[in-house]
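*Asks:* Residues in the sequence shown are numbered from 471 upward in steps of one, following our numbering. No residue lacks a Cβ here, since even glycine has one placed at the ideal position from N, Cα and C. Computed from a prediction, not measured in an experiment: that's the story for all the values here.
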Amino acid sequence: ETADTVLRLLTDAVDHGIAQPAAIPGYSVAGKTGTAQIAGSYWQRIRTGTDRHGKATYERVKRFGYINGWIDSSFMSLMPASDPKIVTLILIHRPATWGQYQMAQRPDDLFRTLAPDILSYLAIPPDRPGQPVAGQ
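#1: Please classify Y536: is it buried, with 16 or more other beta-carbons within 10 angstroms of its beta-carbon, or exposed?
#2: To the nearest angstrom, report how far apart I541 and G510 are at their CA atoms.
#3: Tell me the residue span of the beta strand (DSSP E) that contains R515.
#4: Alpha carbons only, please: which of A585, Q575, I560, F545 is nearest the one belonging to L480?
#5: Excluding sequence positions up to five away, which residues of its chain have a Cβ less than 6 Å from the Cβ of L548?
#6: What does the alpha-carbon distance come out to for the pair R564 and F534?
#7: Rounding to the nearest angstrom, what Cα-Cα distance links Q514 and E529 in this structure?
#8: DSSP state of S552, grouped into three classes?
#9: Look at P577 and Y497 and say whether their C-beta atoms are less than 9 Å apart.
#10: For I560, is the classification buried or exposed, using 16 other Cβ atoms within 10 angstroms of its Cβ as the cut-off for buried?
#11: Report the option in I488, G519, L584, D521 whose CA atom is closest to the CA atom of R505.
#12: Just the C-alpha distance for R598 and I562, rounded to the nearest angstrom, thanks.
#13: For R533, which three-state DSSP category applies?
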């Protein structure tokens, strides 16, 4: 029952929610977008005191933590949602961004480009009325 509820919610995210760019005509798609900060090493300048002339002294220290502006962006899907046959994951590591998280290319858009070829190659029939993109 819980799995059916989650599948319905993920399908709704593609049909009516934030993941609408991932919709594939003729197919139900259950999907979830994701954004995650990335941790890594960086150098930080730390004030260590003052020299004999009263000038501040500094030392470079290597740190590990989240790096401002570094993100991973992802889209996971189950297709067709009515009877899942395939699971996909599109992950873009450190996509080109502007502003906080505005991306030049989103993984759900990339999914929409690739999914029809995947469905056609695997000969997965459409599960919704309408003109399917796969197989054309």
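*Replies:* Judging by the given coordinates:
#1: Exposed: under 16 other Cβ atoms inside 10 Å.
#2: Going from the Cα of I541 to the Cα of G510 covers about 11 Å.
#3: Boundaries of the beta strand (DSSP E) harbouring R515: 500–520, taken from the DSSP string.
#4: The shortest C-alpha separation from L480 is found at F545.
#5: The residues are A500, P554, V557.
#6: R564 and F534 have their C-alpha atoms some 17 Å from each other.
#7: Near 8 Å, if we compare the C-alpha coordinates of E529 and Q514.
#8: For S552, the three-state secondary structure derived from DSSP is coil.
#9: No; because the gap between Cβ atoms is not below 9 Å, this pair is not in contact.
#10: I560 is buried by the Cβ-count criterion.
#11: The sequence given here places Thr at residue 505; Arg does not occur at that position. That would be I488, whose Cα lies nearest to the Cα of T505.
#12: Near 29 Å, if we compare the C-alpha coordinates of I562 and R598.
#13: Of the three classes helix, strand and coil, the one that applies to R533 here is strand, per DSSP.
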